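For the sequence shown, our numbering begins at 70 and goes up steadily by one. Report on one structure; see the data block that follows.
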Amino acid sequence: MTFTITVGGATITQITEVARWPFPPRDMFPAVTAEDVARTAEEFGPGSVDAATGDLVLAIHAYLVRLGGTTVVVDAGNGNHKERPNLLPHHRFDTDFLDRFALTGTAVEDVDIVVSTHLHPDHCGWNTRLDGDRWRPTFTEATYVFGRAELENTQALAASAPAEGAVADLARTYDDSVRPVLESSRWEVADDGHLLAEHGDTRLMLRAAPGHTGGHVVVEIQSPDGGAVLSGDVVHHPVQLLNPELTQAGDADPALARRTRDALLERCAREGLLMLPSHFPADHAFTVDRDGDAFRLSPADGARP
Ligand SMILES: [Zn+2]
Numbered sequence: 070m071t072f073t074i075t076v077g078g079a080t081i082t083q084i085t086e087v088a089r090w091p092f093p094p095r096d097m098f099p100a101v102t103a104e105d106v107a108r109t110a111e112e113f114g115p116g117s118v119d120a121a122t123g124d125l126v127l128a129i130h131a132y133l134v135r136l137g138g139t140t141v142v143v144d145a146g147n148g149n150h151k152e153r154p155n156l157l158p159h160h161r162f163d164t165d166f167l168d169r170f171a172l173t174g175t176a177v178e179d180v181d182i183v184v185s186t187h188l189h190p191d192h193c194g195w196n197t198r199l200d201g202d203r204w205r206p207t208f209t210e211a212t213y214v215f216g217r218a219e220l221e222n223t224q225a226l227a228a229s230a231p232a233e234g235a236v237a238d239l240a241r242t243y244d245d246s247v248r249p250v251l252e253s254s255r256w257e258v259a260d261d262g263h264l265l266a267e268h269g270d271t272r273l274m275l276r277a278a279p280g281h282t283g284g285h286v287v288v289e290i291q292s293p294d295g296g297a298v299l300s301g302d303v304v305h306h307p308v309q310l311l312n313p314e315l316t317q318a319g320d321a322d323p324a325l326a327r328r329t330r331d332a333l334l335e336r337c338a339r340e341g342l343l344m345l346p347s348h349f350p351a352d353h354a355f356t357v358d359r360d361g362d363a364f365r366l367s368p369a370d371g372a373r374p
């Protein structure tokens with residue numbers, strides 16, 4: 070699945086790495102109820118919940134943003150051949166993502182900037198690809214931009230990671246998807262408000278959105294004609310619109326993640342920002358409306374190719 074939309078002077082293309090990435094509901098959201106899942110299927114359609122297994126269906130998307138002469142990749146997916154023995158949903162992918170990337174008409178060498186909302190395996194995996202027995206940067210001409218807190222936190226975690234368990238695989242992610250970039254690419258760290266690109270009256274900016282990880286950021290597109298947010302893992306699945314209290318199993322700071330989620334959904338609703346999450350099983354952007362304590366989603370007009 071894929072789509073392209075225009076926001077101000079920017080063109081955003083979704084590139085799907087995995088269209089269907091199912092999880093047992095409580096693995097993803099420990100407090101989710103059967104009623105939450107049933108309402109989600111009703112509200113968001115059968116694509117959001119597997120009718121046979123009851124699993125929540127997620128996807129993995131990267132986004133390509135073109136603004137003026139600048140080409141930006143936001144969240145480079147899970148990547149192929151990565152060893153994640155403790156995080157099996159991320160283990161040893163072998164997809165045709167790079168072929169589908171090429172179908173956008175942009176070569177990997179044309180990418181100027183690569184940004185990760187955070188450094189979990191499914192958001193920075195294609196930062197690198199296997200070349201013989203070495204991990205090398207995929208986007209050879211790009212500057213890789215890391216949130217300062219996210220990079221520092223991940224380096225600290227990798228330096229003291231145990232040999233087993235999820236944290237061991239986060240350290241593996243650092244070793245195969247971040248360290249090779251630091252060693253052989255242009256890179257920089259950035260903070261809240263960092264301007265990635267600007268053309269005419271359209272701006273592409275990093276904004277802090279902590280909670281899922283301490284250094285999580287989102288990428289905002291701002292223009293007088295409207296805006297959008299590439300929201301990473303601030304929200305993982307539509308069930309969290311119906312029940313915004315649901316903590317995702319990987320949230321580092323659940324209370325902060327909740328405040329960030331509420332604040333972003335509220336801004337999308339109030340300011341009419343389009344939301345483009347990393348994991349919603351959909352080939353379109355969303356508009357968000359408040360509905361009491363919850364939120365509603367609608368496909369954005371013109372989002373389909
Ligand atoms: Zn994710």
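A virtual CB, placed ideally from N, CA and C, is assigned to each residue, including glycine. None of the values given here were measured: they were computed from a predicted structure.
If you check the beta carbons only, do Gly-194 and Gly-146 fall under 9 Å apart? Taking the sequence shown and counting its residues from 1, one reaches residue 194 at position 125. Taking the sequence shown and counting its residues from 1, one reaches residue 146 at position 77. Yes. Within cutoff.
In chain order, what residues of the same chain lie with their CB nearer than 6 Å to the CB of Ala-47, ignoring the 5 residues before and after it? Lying outside 70 to 374, the shown extent of the chain, residue 47 is not represented and no answer is given.
Nearest candidate by alpha-carbon position, reference Gly-262, set Glu-289, Gly-301, Ala-131 and Glu-104: For the purposes of this step, residue 262 is identified with residue 193 of the sequence shown, where counting begins at 1. Residue Glu-289 is the option with its Cα nearest to Gly-262.
What residue from Ala-228, Pro-249, Val-184 and Leu-239 has the CA that sits closest to Thr-197's CA? Numbered from its first residue, the sequence shown carries residue 197 at position 128. The shortest Cα separation from Thr-197 among Ala-228, Pro-249, Val-184 and Leu-239 belongs to Pro-249.
Which residues end up in the neighbourhood of ligand 1 when you take C-beta atoms closer than 6 Å to any of its heavy atoms? With the criterion CB distance below 6 Å from any heavy atom of ligand 1, the matching residues run His-189, Asp-191, His-192, Asp-302, Ser-347 and His-348 along the chain.
Proximity winner among Gly-234, Thr-271, Arg-365 and Thr-71, relative to Leu-157 (alpha-carbon distances): As a position in the sequence shown, residue 157 is number 88, starting the count at 1. Per the Cα distances, Gly-234.
From Val-76 to Glu-335, what does the alpha carbon distance come to, in whole angstroms? The count along the sequence shown starts at 1 and reaches residue 76 at position 7. The count along the sequence shown starts at 1 and reaches residue 335 at position 266. Rounded to whole angstroms, the separation of the alpha carbons of Glu-335 and Val-76 is 20 Å.
Compare the C-alpha of Phe-72 against each of Ala-131, Val-101 and Pro-99 and name the closest. Position 3 of the sequence shown, counted from the start, is the residue given in the question as residue 72. If we check each option's Cα against that of Phe-72, Ala-131 comes out closest.
First and last residue of the alpha helix (DSSP H) that includes Pro-190? Position 121 of the sequence shown, counting from 1, holds the residue named residue 190. Element bounds for Pro-190: 190 to 193.
Which word fits Thr-122, buried or exposed, when buried means at least 16 other C-beta atoms lie within 10 angstroms of its C-beta? By 1-based counting over the sequence shown, the position of residue 122 is 53. With fewer than 16 other beta carbons inside 10 angstroms of its own, Thr-122 counts as exposed.
Of all the options His-306, Asp-320 and Ala-369, which has the alpha carbon lying nearest to the alpha carbon of Leu-127? For the purposes of this step, residue 127 is taken as the residue at position 58 of the sequence shown. The candidate whose alpha carbon is nearest that of Leu-127 is His-306.
State the start and end residues of the unbroken alpha helix (DSSP H) segment that holds Val-236. For this step, residue 236 is matched to residue 167 along the sequence shown. Taken as a continuous stretch (DSSP letters only), the alpha helix (DSSP H) holding Val-236 covers 235 to 242.
Got a sec, what are the start and stop residues for the beta strand (DSSP E) Leu-125 sits in? Here residue 125 is taken as the residue at index 56 of the sequence shown, counted from 1. Run containing Leu-125: 125 to 136, per the beta strand (DSSP E) assignment.
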